[in-house]
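> In the working numbering, the protein residues as written are 4 to 395.
First the structure, then my questions, so here it is.
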Ligand code: GLA
């Protein structure tokens with residue numbers, strides 16, 4: 004569905020729900036996209052580099068301030084409503100309002116004030132597919148409230164507060180990549196973000212001959228969030244050991260694959276493999292950006308495969324469904340690179356595919372997945388679009 008059709012549908016639902024209490028002149032619409040990540044996985048919370056981009060699948064909020072202190076959240080896709088007074092941020096049993104409540108909590112923690120509001124929100128970012136629908140949701144609402152209530156927040160603050168909402172209210176210890184990509188996306192460009200300094204640079208991503216296709220395993224193994232937090236702890240263990248020898252190592256960003264190699268025994272098998280992957284992956288993002296500048300997509304694709312290998316065997320955050328989808332592409336001359344994307348244990352693979360071969364690629368992947376897992380594999384061709392914005 005086209006963006007304009009989605010927006011129309013959400014607006015229609017908004018007026019069905021709030022028609023009687025609405026002042027149509029005050030109703031505004033905001034958009035924040037989902038993200039992909041070309042390379043640099045699990046490096047954000049290790050202060051490394053990532054290379055994400057925001058895509059043409061987004062979350063939209065149709066929103067209006069209220070005179071009273073009520074907040075009414077209407078989830079268009081679920082057709083559920085959750086209402087509360089802005090003074091009461093207690094956690095409801097259902098989880099979907101946690102993101103919005105987390106955002107309001109962050110606004111208070113900054114010492115800022117808002118009034119009540121009513122909103123219908125929805126969109127086409129598939130949930131649980133590793134496109135960070137939650138980061139899109141957080142950034143979109145905070146961007147909207149910033150405009151509605153003149154909070155004076157810049158994009159960086161919006162990103163950091165959205166990440167904190169996820170860390171502190173939702174309880175997921177995510178890094179900064181997803182929120183950053185949603186807010187800072189730029190058309191046809193990938194963003195190299197240095198997660199230590201927060202310096203970033205846009206690199207044009209050439210899409211004349213190749214397309215990015217996501218293959219959605221449609222599974223999300225329950226391990227995902229517990230293992231995510233475990234990986235963070237394993238990285239911390241590695242840092243503590245390396246620090247004894249290299250006091251300058253504050254994060255794995257400050258370590259090198261050579262240091263990790265040298266202390267393999269003391270790190271122990273598991274922590275060694277985690278640290279090896281992260282230090283190599285941080286370097287891989289740098290190398291991949293050089294290849295982009297040279298226009299060498301062939302070698303860029305090889306880096307994507309190398310990332311998958313590392314995520315599968317060393318960082319161990321893949322799963323059989325993801326490995327199966329990547330394996331299907333290995334002998335395909337029309338695929339330059341493929342790997343699992345995001346936190347892992349399900350979600351999508353990202354594939355760099357020759358444009359004229361995309362339809363055949365999708366058919367082949369769908370048939371293989373159907374035969375193996377009896378699941379109709381959703382495939383998304385993604386375009387790289389601009390980040391969080393108001394739609395006028
Ligand atoms: C999830 C997190 C991100 C990042 C990725 C892995 O998407 O939200 O912060 O750590 O996993 O790269």
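All residues carry an ideal CB built from backbone N, CA and C; glycine is no exception.
Treat the numbers as computed from the prediction; the structure is a model and nothing was measured.
#1: Under 6 Å Cβ to Cβ from residue 365, same chain only, skipping five residues before and after it: list those, please.
#2: For ligand 1, any of its heavy atoms closer than 8 Å to the Cβ of residue 230?
#3: Flag this pair as yes or no: are the beta carbons of residue 85 and residue 100 separated by less than 9 Å?
#4: Looking at residue 110: is its Cβ nearer than 9 Å to the Cβ of residue 180?
#5: Who are the near neighbours of residue 326 in its chain, counting only those whose CB is closer than 7 Å to its CB and skipping five residues on each side?
#6: Can you confirm whether residue 326, when its beta carbon is compared against all beta carbons of chain B, has any partner nearer than 9 Å?
#7: Rounded to whole angstroms, what is the Cα-Cα separation between residue 130 and residue 228?
#8: Check whether the Cβ atoms of residue 42 and residue 215 sit closer than 9 Å, and answer yes or no.
#9: Flag this pair as touching only if the region 355 to 362 and the region 203 to 222 have three or more C-beta atom pairs under 8 Å; answer yes or no.
#10: Can you round the beta-carbon distance between residue 33 and residue 394 to whole angstroms, since I take them to be within the 8 Å contact cut?
#11: Compute the distance between the beta-carbons of residue 307 and residue 339, then report whether it is under 9 Å.
#12: Quick check for students: name the residue ranges of the beta strand (DSSP E) that lie wholly in the region 96 to 168, counting only runs of 3 or more.
#13: Which residue comes first and which comes last in the beta strand (DSSP E) that contains residue 393?
#14: May I ask which residues mark the beginning and end of the beta strand (DSSP E) holding residue 358?
#15: Using 10 angstroms around the beta-carbon of residue 97, count the other beta-carbons present and answer buried if the total reaches 16, otherwise exposed.
#16: Among all the DSSP beta bridges, which residues are the ones paired with residue 204?
#17: Mind checking who residue 77 pairs with in its DSSP beta bridge?
#18: When DSSP labels each residue in this structure, what does residue 348 get in the three-state scheme?
#19: On the CB-based measure, 16 or more other CB atoms within 10 Å of its CB, does residue 334 come out buried or exposed?
#20: List, from N- to C-terminal side, the alpha helix (DSSP H) runs of 4 residues or more that fit wholly inside the region 212 to 297.
#21: Mapping the DSSP letters down to three states, classify residue 37 as helix, strand or coil.
#22: Relative to the C-alpha of residue 151, which candidate in 279, 170, 321 and 31 has its C-alpha closest?
#23: So for residue 383, helix, strand or coil by DSSP?
#24: In the structure shown, what three-state DSSP assignment does residue 17 receive?
#25: Evaluate the contact criterion for the region 293 to 309 versus the region 256 to 276: three or more CB pairs, one atom per stretch, below 8 Å.
#26: Taking DSSP as the reference, what is the three-state secondary structure of residue 7?
According to the structure shown:
#1: 382
#2: no
#3: yes
#4: no
#5: 315
#6: The chain inventory of the structure shown lacks chain B, comprising one protein chain alone.
#7: 15 Å
#8: no
#9: yes
#10: 7 Å
#11: yes
#12: 120 to 126
#13: 392 to 394
#14: Careful: residue 358 lies outside any beta strand (DSSP E) and carries neither H nor E.
#15: exposed
#16: 195
#17: 84 and 123
#18: coil
#19: exposed
#20: 226 to 248, 260 to 265, 267 to 270 and 272 to 297
#21: strand
#22: 31
#23: strand
#24: helix
#25: no
#26: helix
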